[in-house]
Amino acid sequence: MPATPTQAQLEDVLQAALYLLGARQDQMLTLEEWTDLARAVAACQDRKTGEYMTEHDLEDIAERYALEWDEATDGPLPNLDE
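Read in order, the letters of the sequence shown correspond to residues 517 to 598 in the numbering used here.
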């Protein structure tokens, strides 16, 4: 059973959700916004960010996005050299 989320984690989820709703209103959803939301939810669920991302998103992050990615908390990115 996951740990009870902290107030800071819940605030992170709320902030990420607000960004996502704002992006939807503007009809733009960036990979950065999805990553922020996935990180916030993963922190509350005691899981890895990558578990909430699509394989295509993870490949894009590994290949061309300059997102800060910490494998210890975000999970592994696909190895594109294979």
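Virtual Cβ for every residue (Gly too), placed ideally from N, Cα, C.
- Nearest CA to the CA of D573: which residue from Q525, Q531, A559, D590? D590
- Mind checking which residues open and close the alpha helix (DSSP H) that includes R540? 523 to 541
- Message: If I measure Cβ to Cβ from A558 and keep anything under 7 Å in the same chain, skipping five residues before and after, which residues do I get?
- Response: K564, T565, E567, Y568
- Counted within 10 angstroms of its Cβ, other Cβ atoms place L553 as buried (16 or more) or exposed: buried
- Query: Does the Cβ of R580 have 16 or more other Cβ atoms within 10 Å, making it buried, or fewer, making it exposed?
  - Reply: exposed
- Figure out for me which residue from A556, L593, L596, D576 has the closest Cα to the Cα of L530. A556
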